[in-house]
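Take 23 as the starting number for the sequence shown in the numbering used here and just add one per residue. All C-beta atoms in this analysis are idealised placements derived from N, C-alpha and C, irrespective of residue type, glycine included.
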Amino acid sequence: NYTLPLAVSLYSLLENFSQTRQLCVYVLHDAVPSEERARIEDSVAPVLRKGIQLEFLAYEGSTFADLRTTLHFSAANYARHHIPALLPSTVAKVVCLDADTLVLSDISMLFDEDPGDFPVKLAPDWTGHMGHPLLDMPKDLSPWGASLSDKYFNVGVQLLNLSMWREEKISEMLMEKARLHPELMFIADQNLVNLYLYGRIGELSPRWNKQFVYRKIREGEWKMPYCVHAWDPPHIIHF
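Here it is, written out as C-alpha coordinates:
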(Lines of atoms letter the chains of each structure in order from A and count residues from 1; the text may use other names and numbers.)
(Lines give C-alpha, C1' and ligand atoms only; values in the text may rest on other atoms or scores of the structure.)
Protein backbone atom coordinates (compact mmCIF):
# COMPACT_ATOMS: atom_id res chain seq x y z
CA ASN A 1 0.00 0.00 0.00
CA TYR A 2 2.96 2.33 0.48
CA THR A 3 4.78 1.69 -2.79
CA LEU A 4 3.91 5.09 -4.25
CA PRO A 5 4.72 7.09 -1.09
CA LEU A 6 7.96 5.11 -0.76
CA ALA A 7 9.02 6.04 -4.30
CA VAL A 8 8.36 9.71 -3.57
CA SER A 9 10.22 9.53 -0.27
CA LEU A 10 13.23 7.83 -1.87
CA TYR A 11 13.32 10.32 -4.73
CA SER A 12 13.29 13.27 -2.33
CA LEU A 13 16.03 11.71 -0.20
CA LEU A 14 18.33 11.05 -3.17
CA GLU A 15 17.61 14.37 -4.85
CA ASN A 16 18.80 16.28 -1.77
CA PHE A 17 21.69 13.99 -0.83
CA SER A 18 25.26 15.30 -0.75
CA GLN A 19 27.14 14.92 -4.02
CA THR A 20 30.35 14.08 -2.14
CA ARG A 21 29.07 11.35 0.16
CA GLN A 22 28.30 7.68 -0.33
CA LEU A 23 24.95 6.24 0.64
CA CYS A 24 23.42 2.83 1.13
CA VAL A 25 19.63 2.76 1.27
CA TYR A 26 18.00 -0.37 2.64
CA VAL A 27 14.30 -0.80 1.89
CA LEU A 28 12.69 -3.12 4.44
CA HIS A 29 9.73 -4.91 2.93
CA ASP A 30 7.44 -7.89 3.34
CA ALA A 31 7.42 -9.54 -0.11
CA VAL A 32 7.03 -6.50 -2.37
CA PRO A 33 6.13 -7.93 -5.82
CA SER A 34 8.89 -7.72 -8.42
CA GLU A 35 6.82 -5.44 -10.66
CA GLU A 36 6.32 -2.98 -7.79
CA ARG A 37 10.02 -3.06 -6.98
CA ALA A 38 10.78 -2.32 -10.65
CA ARG A 39 8.43 0.66 -10.55
CA ILE A 40 10.22 2.03 -7.49
CA GLU A 41 13.63 1.59 -9.11
CA ASP A 42 12.43 3.25 -12.33
CA SER A 43 11.01 6.15 -10.33
CA VAL A 44 14.28 6.96 -8.59
CA ALA A 45 16.56 6.23 -11.57
CA PRO A 46 16.91 9.96 -12.45
CA VAL A 47 18.51 10.71 -9.07
CA LEU A 48 20.64 7.57 -8.69
CA ARG A 49 24.36 8.09 -9.17
CA LYS A 50 27.67 6.41 -8.49
CA GLY A 51 28.17 6.01 -4.76
CA ILE A 52 24.49 5.38 -4.02
CA GLN A 53 23.40 1.81 -3.40
CA LEU A 54 19.73 0.78 -3.22
CA GLU A 55 19.08 -2.60 -1.64
CA PHE A 56 15.77 -4.32 -0.89
CA LEU A 57 15.78 -6.35 2.33
CA ALA A 58 12.89 -8.74 2.89
CA TYR A 59 11.76 -9.67 6.36
CA GLU A 60 9.31 -12.32 7.44
CA GLY A 61 6.06 -10.47 8.08
CA SER A 62 4.54 -13.38 9.99
CA THR A 63 7.07 -12.68 12.76
CA PHE A 64 4.87 -9.80 13.91
CA ALA A 65 1.46 -11.20 12.93
CA ASP A 66 0.44 -11.72 16.56
CA LEU A 67 1.18 -8.12 17.62
CA ARG A 68 -1.58 -5.60 18.12
CA THR A 69 -2.46 -3.26 15.25
CA THR A 70 -4.95 -0.40 15.39
CA LEU A 71 -6.09 2.51 13.25
CA HIS A 72 -3.98 2.67 10.05
CA PHE A 73 -1.06 0.77 11.55
CA SER A 74 -0.04 -2.70 10.39
CA ALA A 75 2.53 -5.32 11.31
CA ALA A 76 4.93 -3.49 8.97
CA ASN A 77 5.36 -0.85 11.67
CA TYR A 78 7.36 -3.40 13.66
CA ALA A 79 9.80 -4.07 10.81
CA ARG A 80 12.27 -1.53 12.18
CA HIS A 81 13.02 -3.98 14.98
CA HIS A 82 14.58 -6.28 12.39
CA ILE A 83 17.16 -3.63 11.49
CA PRO A 84 19.91 -4.61 13.97
CA ALA A 85 19.79 -8.24 12.77
CA LEU A 86 19.31 -7.59 9.05
CA LEU A 87 22.04 -5.03 8.52
CA PRO A 88 25.73 -6.00 8.54
CA SER A 89 27.28 -6.01 11.99
CA THR A 90 29.77 -3.40 10.76
CA VAL A 91 26.94 -0.86 10.45
CA ALA A 92 26.99 0.92 13.81
CA LYS A 93 24.52 3.72 13.10
CA VAL A 94 21.57 4.20 10.77
CA VAL A 95 18.84 6.70 9.95
CA CYS A 96 15.44 5.02 9.85
CA LEU A 97 12.61 6.73 7.96
CA ASP A 98 8.96 5.84 7.61
CA ALA A 99 7.76 5.59 4.02
CA ASP A 100 5.41 8.56 4.41
CA THR A 101 8.21 11.14 4.60
CA LEU A 102 9.37 13.86 2.25
CA VAL A 103 13.07 14.68 2.62
CA LEU A 104 13.89 18.33 1.92
CA SER A 105 17.49 18.52 3.19
CA ASP A 106 20.69 16.51 3.00
CA ILE A 107 20.17 13.44 5.18
CA SER A 108 23.94 13.42 5.83
CA MET A 109 23.40 16.17 8.41
CA LEU A 110 21.13 13.88 10.41
CA PHE A 111 23.40 10.86 10.02
CA ASP A 112 26.38 12.90 11.25
CA GLU A 113 24.70 13.68 14.57
CA ASP A 114 26.38 11.94 17.49
CA PRO A 115 23.98 9.48 19.15
CA GLY A 116 26.07 9.79 22.30
CA ASP A 117 24.99 7.44 25.07
CA PHE A 118 21.47 7.14 23.68
CA PRO A 119 20.25 4.01 21.88
CA VAL A 120 18.00 6.22 19.76
CA LYS A 121 17.42 9.89 19.00
CA LEU A 122 13.89 11.04 18.10
CA ALA A 123 12.04 14.28 17.53
CA PRO A 124 9.11 15.27 19.75
CA ASP A 125 5.68 14.15 18.65
CA TRP A 126 3.01 16.75 17.88
CA THR A 127 1.01 15.49 20.86
CA GLY A 128 3.65 17.09 23.07
CA HIS A 129 3.41 15.00 26.23
CA MET A 130 2.56 11.50 27.37
CA GLY A 131 -0.76 12.57 28.81
CA HIS A 132 -2.35 13.50 25.48
CA PRO A 133 -5.74 11.73 25.29
CA LEU A 134 -5.16 10.43 21.74
CA LEU A 135 -2.19 8.33 22.90
CA ASP A 136 -4.25 5.99 25.09
CA MET A 137 -1.45 5.75 27.63
CA PRO A 138 -1.89 4.32 31.14
CA LYS A 139 -2.96 6.95 33.68
CA ASP A 140 -0.17 5.92 36.02
CA LEU A 141 3.30 5.90 34.42
CA SER A 142 5.23 5.56 37.67
CA PRO A 143 6.19 1.90 36.93
CA TRP A 144 8.33 3.31 34.10
CA GLY A 145 9.61 6.23 36.15
CA ALA A 146 7.65 8.62 33.94
CA SER A 147 4.75 11.02 34.32
CA LEU A 148 1.97 12.16 32.02
CA SER A 149 3.59 15.60 31.69
CA ASP A 150 6.82 14.16 30.25
CA LYS A 151 7.75 14.78 26.62
CA TYR A 152 6.54 12.24 24.06
CA PHE A 153 8.53 11.25 20.96
CA ASN A 154 7.62 10.21 17.42
CA VAL A 155 9.31 7.11 15.93
CA GLY A 156 8.78 7.97 12.24
CA VAL A 157 12.33 9.38 11.95
CA GLN A 158 15.04 7.71 14.01
CA LEU A 159 18.79 7.92 14.47
CA LEU A 160 19.58 4.43 15.74
CA ASN A 161 22.71 3.54 17.67
CA LEU A 162 22.86 -0.02 16.34
CA SER A 163 25.91 -0.97 18.38
CA MET A 164 24.02 -0.28 21.61
CA TRP A 165 20.80 -1.74 20.17
CA ARG A 166 22.53 -5.07 19.48
CA GLU A 167 24.60 -5.17 22.64
CA GLU A 168 21.57 -4.65 24.89
CA LYS A 169 19.17 -6.69 22.71
CA ILE A 170 16.74 -3.78 22.75
CA SER A 171 14.61 -5.03 19.85
CA GLU A 172 14.12 -8.38 21.54
CA MET A 173 13.18 -6.67 24.80
CA LEU A 174 10.65 -4.37 23.14
CA MET A 175 9.01 -7.15 21.17
CA GLU A 176 8.76 -9.28 24.31
CA LYS A 177 7.05 -6.37 26.09
CA ALA A 178 4.76 -5.87 23.09
CA ARG A 179 3.46 -9.41 23.49
CA LEU A 180 3.16 -9.16 27.26
CA HIS A 181 1.42 -5.76 27.21
CA PRO A 182 -0.71 -5.39 24.07
CA GLU A 183 -2.68 -2.66 25.85
CA LEU A 184 0.32 -0.36 25.33
CA MET A 185 0.37 -0.90 21.58
CA PHE A 186 -2.34 1.54 20.53
CA ILE A 187 0.14 3.32 18.23
CA ALA A 188 2.10 0.23 17.21
CA ASP A 189 5.47 0.35 19.01
CA GLN A 190 5.57 4.11 19.63
CA ASN A 191 4.09 4.03 23.13
CA LEU A 192 6.32 1.08 23.93
CA VAL A 193 9.49 2.90 22.88
CA ASN A 194 8.52 5.99 24.87
CA LEU A 195 7.90 3.96 28.03
CA TYR A 196 10.58 1.25 27.99
CA LEU A 197 13.31 3.57 26.73
CA TYR A 198 12.17 6.42 28.97
CA GLY A 199 15.10 8.63 29.94
CA ARG A 200 17.28 7.10 27.22
CA ILE A 201 15.90 8.90 24.15
CA GLY A 202 18.07 11.65 22.73
CA GLU A 203 16.21 14.57 21.20
CA LEU A 204 16.35 15.54 17.53
CA SER A 205 15.29 18.92 16.23
CA PRO A 206 11.60 18.88 15.20
CA ARG A 207 12.81 20.06 11.80
CA TRP A 208 13.86 16.45 11.15
CA ASN A 209 10.33 15.19 11.74
CA LYS A 210 7.81 17.91 10.89
CA GLN A 211 4.51 16.11 11.26
CA PHE A 212 1.64 17.12 9.01
CA VAL A 213 -0.49 18.38 11.87
CA TYR A 214 1.76 21.42 12.20
CA ARG A 215 0.11 22.67 9.02
CA LYS A 216 -3.22 22.68 10.81
CA ILE A 217 -1.67 24.74 13.60
CA ARG A 218 -0.10 27.23 11.20
CA GLU A 219 -3.39 27.68 9.40
CA GLY A 220 -5.20 28.22 12.68
CA GLU A 221 -7.35 25.10 12.44
CA TRP A 222 -5.90 23.63 15.63
CA LYS A 223 -4.92 25.60 18.72
CA MET A 224 -2.08 23.84 20.48
CA PRO A 225 0.28 26.22 22.26
CA TYR A 226 2.88 23.54 23.04
CA CYS A 227 3.60 23.01 19.31
CA VAL A 228 6.15 25.81 19.37
CA HIS A 229 8.01 24.53 16.31
CA ALA A 230 5.12 24.86 13.85
CA TRP A 231 6.85 27.67 11.95
CA ASP A 232 10.35 26.16 11.70
CA PRO A 233 11.38 25.31 8.10
CA PRO A 234 11.37 21.49 7.86
CA HIS A 235 14.22 19.17 6.90
CA ILE A 236 11.75 16.26 6.68
CA ILE A 237 7.97 16.39 6.40
CA HIS A 238 6.25 13.38 7.93
CA PHE A 239 2.72 12.71 6.68
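Taking only the alpha-carbon atoms, compute the straight-line gap between residue i and residue j and give it to the nearest angstrom.
i	j	result
L119	V179	5 Å
F175	S130	22 Å
G150	S31	25 Å
E77	R43	17 Å
G52	T85	According to the sequence shown, residue 52 is Asp rather than Gly. Approximately 11 Å between the Cα atoms of the pair.
L170	L219	15 Å
A121	Y24	7 Å
V235	H260	9 Å
K173	D254	19 Å
I223	A98	22 Å
A101	M207	15 Å
T112	L156	39 Å
K115	N183	5 Å
A67	G153	44 Å
I258	S40	15 Å
W187	P106	7 Å
E63	L26	11 Å
L147	A210	Reading the sequence as shown, one finds Asp at residue 147 and not Leu. In a straight line, the C-alpha of D147 is about 14 Å away from that of A210.
E205	S164	16 Å
L65	L108	In the sequence as presented, Leu is not what sits at residue 65; that position holds Ser. Whole-angstrom Cα-Cα distance: 25 Å.
K72	A60	19 Å
D139	S185	11 Å
L202	E82	21 Å
E190	E198	14 Å
T123	P256	11 Å
Leaving aside the five residues before and after residue i along the sequence, list all residues of the same chain whose C-beta is less than 6 Å from its C-beta, in chain order.
i	result
L132	V117 and W230
V54	none
L217	W166
I74	L45
Y48	E77 and L79
Report, in whole angstroms, the separation of the C-beta atoms of residue i and residue j, which I expect to be a contact under 8 Å.
i	j	result
Q233	V177	With a Cβ gap of about 12 Å, Q233 and V177 do not count as contacting.
L79	L36	At roughly 18 Å, the Cβ-Cβ gap does not stay under 8 Å, so L79 and L36 are not in contact.
L89	A200	5 Å
H103	L214	With 8 Å as the limit, H103 and L214 do not qualify as a contact, their Cβ atoms being about 10 Å apart.
Give the secondary structure of residue i by DSSP, where H, G and I count as helix, E and B as strand, and everything else as coil.
i	result
V179	strand
F78	strand
A145	strand
L170	coil
V125	strand
I259	strand
Q312	This structure does not reach residue 312, given that the chain is present from 23 up to 261, and the question cannot be answered.
H104	helix
L119	strand
I209	coil
L50	strand
K232	strand
E6	It is not possible to answer for residue 6, since the shown part of the chain is limited to 23 through 261.
E225	strand
In chain order, what residues of the same chain lie with their CB nearer than 8 Å to the CB of residue i, ignoring the 5 residues before and after it?
i	result
N38	V125, L126, S127, D128 and I129
L226	L132, E135, K143, L144, A145, V179 and L181
For residue i, which residues of its own chain have a beta-carbon under 7 Å away from its beta-carbon, when the five flanking residues on both sides are left out?
i	result
I192	P141
V69	Y33, L36 and E37
G221	G167
S56	none
P137	K115, K143, L181, N183 and G224
Is residue i near the ligand MG, with its Cβ less than 7 Å from a heavy atom?
i	result
P27	Only the bare structure without any ligand can be found here, which leaves the ligand MG out of the picture.
Practice task
Specify whether the stretch 159-174 and the stretch 90-108 touch according to this definition: at least 3 beta carbon pairs, one from each stretch, less than 8 Å apart.
Solution key: no
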